[in-house]
Amino acid sequence: MRRPSVASLVWQQFRYQNKVFWRTPIAAFFTIVFPLMLLVLFTAIFGNDEIEGLGITTAQYFTPGLAVFAAVSATYTNLAIGTAIARDNGILKRIRGTPIPPWAYIAGRVASSVYLAFLAMALMMTAGVVFYGVQIIARTLPAALLTFVVGVSCFAALGMLVAAISPNGDAAPAITNATLLPVAFISNIFFPIEDPPRWMEIAGNFFPLKAFAEAFRDAFDPTLTGPQFHWPQIGYLALWGVVASLLAIRFFRWEPSSGSMSRGRRRRAEEVSELV
Amino acid sequence: MAAIEVTGLKKSYDDVVAVDGVDIVIETGEVFALLGPNGAGKTTTVEILEGHRSADGGRISVLGFDPSTGGRAYREQIGIVLQEGAVERELSIREALSIYGGMYPRQLDPDHLIDMVGLDEKADARIKTLSGGQQRRLELALGLVGDPDLLFLDEPTTGFDPSARRQAWGILENLTSLGKTILLTTHYMDEAQHLADRIAVIDHGKIVAEGTPETLGGRADGKSVIRFGLPPGVAAEDLPVDAVMMDGDLVEVSAESATRALHDLTTWAIGRDLELERLQVTRPSLEDVYLELTAEP
Chain W
1 MRRPSVASLV
11 WQQFRYQNKV
21 FWRTPIAAFF
31 TIVFPLMLLV
41 LFTAIFGNDE
51 IEGLGITTAQ
61 YFTPGLAVFA
71 AVSATYTNLA
81 IGTAIARDNG
91 ILKRIRGTPI
101 PPWAYIAGRV
111 ASSVYLAFLA
121 MALMMTAGVV
131 FYGVQIIART
141 LPAALLTFVV
151 GVSCFAALGM
161 LVAAISPNGD
171 AAPAITNATL
181 LPVAFISNIF
191 FPIEDPPRWM
201 EIAGNFFPLK
211 AFAEAFRDAF
221 DPTLTGPQFH
231 WPQIGYLALW
241 GVVASLLAIR
251 FFRWEPSSGS
261 MSRGRRRRAE
271 EVSELV
Chain V
277 MAAIEVTGLK
287 KSYDDVVAVD
297 GVDIVIETGE
307 VFALLGPNGA
317 GKTTTVEILE
327 GHRSADGGRI
337 SVLGFDPSTG
347 GRAYREQIGI
357 VLQEGAVERE
367 LSIREALSIY
377 GGMYPRQLDP
387 DHLIDMVGLD
397 EKADARIKTL
407 SGGQQRRLEL
417 ALGLVGDPDL
427 LFLDEPTTGF
437 DPSARRQAWG
447 ILENLTSLGK
457 TILLTTHYMD
467 EAQHLADRIA
477 VIDHGKIVAE
487 GTPETLGGRA
497 DGKSVIRFGL
507 PPGVAAEDLP
517 VDAVMMDGDL
527 VEVSAESATR
537 ALHDLTTWAI
547 GRDLELERLQ
557 VTRPSLEDVY
567 LELTAEP
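Read top to bottom, the protein sequences are chains W and V. One point on numbering: in the numbering used here, the residue at position 118 of the first sequence is 118, and numbering is uninterrupted. One point on numbering: in the numbering used here, the residue at position 44 of the second sequence is 320, and numbering is uninterrupted.
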């Protein structure tokens, strides 16, 4: 008759969210395989010579950026879609009727997405090192790791925010795709845009992806010196993360909204529940 | 101590009153059915007791807890079978039962539950491959996985075909023998009659009748109805009892005492050497009572 500890509940959720991820081929493909395909494609298109004016190879430039892209897909996209669908299906409502503290359930979900982000990033960097001669610099690894932790936390929070505000499970992929892809373009994830129009530069600087990608990429730039802690970028990511978390907590719902239930159950009210 | 004690429960959505002053007392070990048409306030009432919704007013005590603040300790003692709950479709039945079971201090063995709801052959199948009826049985197993003292069953057999319903009833009857308190909602009268010790009929957010399946709505002391074919050459006024002509040559007699009315009638008929064709004595069925109670005014 022993009550399971909260840590064990989080751990259990973490493990089975991972299991569900690997059993959902589409999510695993877009998070793990698709960014690797982009790396192969970019180096094939542009060749792996030094990029003019940057003094580093194509792969050295793209690999960290695509690692960030994969990590954002693991956190932002997967959390938003997975959580919104779980709410549509009534899984979140079921969870609310069990003894697991709501925040422990959310923590398990978020931890799983962060773990998968690390995995996707590690795979990308390993592929870069093994196949394209990407250099890892020991001196800047602490900066790379800190940037990565703050960055994925920020995008996990944004993913939960999208889940919170999506009216249903169909809206979540629409929102994540319509935001992530354009922002990835203006954040120089796919290729560096030379002399972008002013508005594009402002927009790129506004969204957190560019700060994440630049700070992470510079930690893998052998032409730079120093430890490469980009404090303004890290601070900016943290700010986005905190604001997104507060808004996600404010708007999070455990119950499906009317109409999004299968077989159209009568639901007069969407009750806004507290996250904690 | 009663398992559930509710007085004056009220809940509105915007300006729609869903629950309007409901009082319910359910004793420990009792199977209680909340019966009513769609939109009567059943699900709202149950969801408040489950802690899914907050009430606008009234006093609520469930297993000694206020469900809205009972939190983890409360949820460890209840089981909820949702009307349309779902589980991660990528998990197997056994995995789902072990994960959800792991949230409770007391948990029932997944294999035992799988056996009990008759899903042995599907134990390791992904949930997405189950039929609708199998998913509902899994739902029932998930409601029981924490060995709850109190089980909420929200319309457990809605959408079932008659044989699946019989099967589900069999499973639920087994539960009642375990001594668990069960609150079930249904809009099927025969389900309430079959499973419940006590029934409350709810309509427009109010309890309109309460009792055992035998006594609900004054069934026990209601009038009996005697029907028979009027013998040829006899007018309804000639009969020794007050009778009403129905369709064709059928007459209907409404009697406080069926024994006395039948005695008067049969003595009268035998004395005249008449046969009372199609003679029939009925008591109002639970269905009659229910339809009358929930009729639109």
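Here a beta-carbon is modelled for each residue, glycine too, at the ideal position from N, C-alpha and C.
Item, Value
"Just grab the DSSP bridge partners of V/M521 for me.", "V/V527"
"How big is the Cα-Cα spacing for V/L567 and V/Y380?", "41 Å"
"Could you tell me which uninterrupted alpha helix (DSSP H) segments, each at least 4 residues in length, are contained entirely in the segment 219-263 of chain W, listed from first to last along the chain?", "231-251"
"By DSSP, does V/K286 sit in helix, in strand, or in coil?", "strand"
"Whole angstroms is fine: what's the gap from V/A401's alpha carbon to V/Y376's?", "17 Å"
"On the DSSP bridge list, what partners appear for W/L66?", "None; W/L66 has no bridge partner."
"Please determine, among V/V421, V/E371, V/A372 and V/K404, the residue with the shortest C-alpha to C-alpha distance to V/M392.", "V/V421"
"Thinking just about the alpha-carbon of each residue, which of W/A74, W/T223, W/V134 and W/P142 is nearest to the one in W/F155?", "W/A74"
"Checking contacts by CB at 8 Å: is W/R198 closer than that to chain V?", "no"
"Is V/G284 close to chain W? Criterion is C-beta to C-beta, closer than 8 Å.", "no"
"Kindly indicate which residue of W/L237, W/A163 and W/L180 has the alpha-carbon position closest to the one of W/R253.", "W/A163"
"Is V/E326 closer than 8 Å to V/F428 when the C-beta atoms are compared?", "yes"
"By how many angstroms is the C-alpha of W/F14 removed from the C-alpha of W/S20?", "Checking the displayed sequence, the identity of residue 20 of chain W turns out to be Val instead of Ser. Distance between the alpha carbons of W/V20 and W/F14: 10 Å."
"Measuring alpha carbon to alpha carbon, tell me which residue in V/D479, V/V307 and V/R413 is nearest V/L454.", "V/V307"
"Give me the DSSP bridge partner(s) of V/D430.", "V/T461"
"By the criterion of Cβ-Cβ separation under 9 Å, what are the contact partners of V/L367 in chain W?", "Y16, K19, V20 and R23"
"With a threshold of 16 other CB atoms inside 10 Å of the CB of W/M37, please say whether the residue is buried or exposed.", "exposed"
"Out of V/A468, V/T457, V/G419 and V/D430, point me to the one whose CA is closest to V/R442's CA.", "V/A468"
"Please classify W/D88 as buried or exposed, where buried requires at least 16 other C-beta atoms within 10 Å of its C-beta.", "buried"
"Could you check whether W/I56 and W/D195 sit closer than 8 Å to each other, using their CB atoms as the reference points?", "no"
"Thinking C-alpha only, which one of W/G108, W/L92 and W/A211 is nearest W/G65?", "W/A211"
"Short of 8 Å Cβ to Cβ, which residues in the segment 95-117 of chain W face chain V?", "R96, G97, T98, P99, I100 and P101"
"For W/G90, return the contacting residues in chain V, with the cut-off set at a CB-CB distance below 8 Å.", "L358, E360, G361 and A362"
"Put V/F341 into one of helix, strand or coil per three-state DSSP.", "strand"
"Whose Cβ in chain W lies nearer than 7 Å to the Cβ of V/M379?", "P4, L9, T98, P99 and I100"
"If I'm right that W/N278 touches W/T58 with Cβ under 8 Å, what's the distance once you round it to whole angstroms?", "The first residue shown for chain W is 1 and the last is 276, placing residue 278 of chain W beyond what the model contains."
"When you compare each of V/G317, V/M465, V/T434 and V/G378 to W/I95 by their alpha carbons, which one comes out closest?", "V/G378"
"Is W/G133 closer than 8 Å to W/L237 when the C-beta atoms are compared?", "no"
"Between which two residues does the alpha helix (DSSP H) harbouring W/V130 extend?", "P102 to Y132"
"Could you give the residue range of the beta strand (DSSP E) that holds V/S227?", "The requested residue 227 of chain V does not occur in the structure, where chain V is confined to residues 277 to 573."
"Since V/S368 sits in a beta bridge, which residues does DSSP pair it with?", "V/R402"
"Mind checking the segment 337-354 of chain V against chain W and listing, in chain order, the residues whose C-beta falls within less than 7 Å of any C-beta there?", "R348, R351 and E352"
"Using only CA atoms, which one of W/Y76, W/P173 and W/P35 lies nearest to W/M125?", "W/P35"
"Helix, strand or coil: which one does DSSP assign to V/E281?", "strand"
"Which of helix, strand or coil does DSSP assign to W/R2?", "coil"
"May I have the straight-line CA-CA distance separating W/R198 from W/I234, to the nearest angstrom?", "23 Å"
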